[in-house]
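Residue numbers (this note's numbering), protein chains in the order written: chain A, 1 to 186; chain B, 187 to 372.
Report on one structure; see the data block that follows.
There are 2 protein chains.
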Amino acid sequence: MGGRIEKHEVPVSGIRRWLEPGPVVLVSSRWQGRANVMTLGWHTVMEFTPSLVGCVIAASNHSFSMIRESGQCVINLPTVELLDAVVGVGNTSGAEIDKFQGFGLTAEPSLEVAAPAIAECHAHFECRLYDDALVDRYNFFVFEVVRARVATAPEHPRTVHYLGEGRFMVAGEILDRSSLFRPDML
Amino acid sequence: MGGRIEKHEVPVSGIRRWLEPGPVVLVSSRWQGRANVMTLGWHTVMEFTPSLVGCVIAASNHSFSMIRESGQCVINLPTVELLDAVVGVGNTSGAEIDKFQGFGLTAEPSLEVAAPAIAECHAHFECRLYDDALVDRYNFFVFEVVRARVATAPEHPRTVHYLGEGRFMVAGEILDRSSLFRPDML
């Protein structure tokens with residue numbers, strides 16, 4: 001996976017930049033001494049301050065109870081270089097294998113939660129469970145991002161976006177339309 | 187905007203293909219005889235059957251009460267050719283201007299809801315409000331997609347994905363990893 005990726009902390013109010021485009025993420029968790037990771041594509045930013053992200057985590061996932069019981073997770077942002085690991089993680093269960101070892105992912109300590117970060121990812125958003133009102137009905141978790149670390153480069157990571165049926169879209173060109181925005185909308 | 191775009195109906199259980207990648211969408215509504223449209227980037231797929239999509243619609247939007255009162259909207263999928271209209275719609279209020287006329291968008295009848303579709307978009311997902319339990323707390327609407335129409339071509343639309351600060355990512359290359367999937371995960 002190459003060398004160590006240099007990262008810096010960023011304000012949690014600004015994480016929409018990485019999550020709003022809709023990438024597939026790797027969600028890591030720790031509960032009763034064991035760590036796990038799952039692939040997740042159903043998430044949305046919900047608020048800047050507090051920094052809220054909503055995620056659907058199907059109850060059939062081994063991670064579901066780990067995250068609900070611990071009340072914590074880390075949302076990690078993989079890039080296209082990690083695509084085969086992303087697919088592998090999404091097609092196996094933490095009840096059966098150690099997915100970190102199985103897919104060459106490195107668990108590293110987080111700043112504020114017990115759940116590990118995945119070193120090979122571009123960014124790490126450390127989360128605490130903020131509201132579980134819709135968990136029973138829709139498996140919908142509202143998390144508060146409490147710390148955020150992002151790779152110093154590249155500025156625009158080549159994230160992957162799931163289309164279903166085993167196909168992914170890779171992040172393409174960047175267009176700047178800021179000149180068309182009202183100043184208060186930027 | 188070119189000629190009329192040929193579209194066909196698709197099963198509502200399959201709309202994750204267009205929404206899960208995280209594109210900016212145009213949400214149209216109709217209430218008390220007036221139509222409106224807003225730009226929205228905070229959404230997530232929540233379930234296949236029923237076909238559920240969660241959207242954050244800030245209460246400051248003119249569309250907020252139109253959608254809540256009517257209990258309907260259409261989620262339209264714009265492509266990069268419509269980017270300046272997408273930005274214009276997001277930087278103006280339906281309380282002040284007719285956004286269809288202002289940005290060259292054509293309102294056309296939907297199949298099952300009163301809210302119009304936007305003819306220039308690649309796809310239209312007709313929605314009914316399914317659950318407003320989190321609207322007061324988070325402006326979070328759970329919609330059921332009741333009908334879906336999608337352009338016959340291209341197969342992979344060049345959608346736009348918002349990064350904040352007036353910048354957008356355009357959908358890039360498609361990678362097929364279906365051979366790495368478990369059959370029951372496809």
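Ideal Cβ positions, reconstructed from N, Cα and C, are used throughout, including at glycine.
Note that this is a predicted model, so its numbers are computed, not measured.
Per-residue DSSP class, three states only, for residue i
i, result
"D318(B)", "coil"
"Q258(B)", "strand"
"H194(B)", "strand"
"V276(B)", "Going by the sequence as given, residue 276(B) is Gly instead of Val. Here G276(B) sits in helix by DSSP."
"L366(B)", "helix"
"L205(B)", "helix"
"G200(B)", "helix"
"G102(A)", "helix"
"R353(B)", "strand"
"L382(B)", "Missing from the structure shown is residue 382(B); chain B here goes from 187 to 372 and no further."
"R34(A)", "strand"
"L186(A)", "coil"
Own chain, CB closer than 8 Å to residue i, minus 5 neighbours either side, in chain order
i, result
"A114(A)", "R30, S70, Q72"
"D318(B)", "R254, F327, V328"
Contacts around residue i, its chain only, beta-carbon distance under 7 Å, and the 5 residues preceding and following it disregarded
i, result
"R344(B)", "T265, V266, V356, A357"
"I174(A)", "H156"
"L205(B)", "H229, V231, V239"
"T225(B)", "V210, L212, V272, V275, G276"
"A59(A)", "N139"
"N61(A)", "M38"
Where residue i falls, given that 16 or more other Cβ within 10 Å makes a residue buried
i, result
"M185(A)", "exposed"
"H8(A)", "exposed"
"E155(A)", "exposed"
"G94(A)", "buried"
"E192(B)", "exposed"
"P295(B)", "exposed"
"E96(A)", "exposed"
"S199(B)", "exposed"
"G208(B)", "buried"
"G276(B)", "buried"
"S63(A)", "buried"
7 Å Cβ cut-off: residues of chain B touching residue i
i, result
"W31(A)", "In chain order: nothing, as chain B lies at least about 24 Å away."
"F125(A)", "Correct list: empty, because the minimum Cβ distance to chain B is about 15 Å."
"R16(A)", "G350"
"F103(A)", "Residues of chain B passing the Cβ test: none, with the nearest at roughly 11 Å."
Proximal chain A residues relative to residue i, where beta-carbon distance stays under 9 Å
i, result
"N147(B)", "Here chain B has residues from 187 to 372 only, and residue 147(B) is not among them."
"L212(B)", "In chain order: nothing, as chain A lies at least about 15 Å away."
Neighbour list for residue i in chain A, Cβ cutoff strictly below 8 Å
i, result
"F250(B)", "The contacting residues do not exist; F250(B) stays about 15 Å from chain A at best."
DSSP beta-bridge partners of residue i
i, result
"A107(A)", "I118(A)"
"G54(A)", "T44(A), V142(A)"
"E312(B)", "V260(B), R333(B)"
"S60(A)", "Paired residues: none, contrary to the question."
"H161(A)", "M169(A)"
Per-residue contacts from residue i into chain B (C-beta, under 8 Å)
i, result
"E173(A)", "M355, V356, G358"
"E20(A)", "G208, G227, W228, H347, Y348, L349, G350"
Amino acids of chain B, ordered along the chain, whose beta-carbon sits closer than 9 Å to that of residue i
i, result
"R177(A)", "L269, D270, V272, V273, G352, R353, F354"
"G133(A)", "Note that residue 133(A) corresponds to Ala in the displayed sequence, not to Gly. Result: A319, L320, R323."
Residues of its chain near residue i, where Cβ-Cβ distance is below 6 Å and the 5 sequence neighbours each way are ignored
i, result
"H124(A)", "V74, N76, A117, R149"
"F286(B)", "A293"
"L134(A)", "F140"
Cross-chain neighbours of residue i in chain A, by beta carbon under 7 Å
i, result
"E294(B)", "Result: empty, since nearest Cβ-Cβ is about 26 Å, beyond 7 Å."
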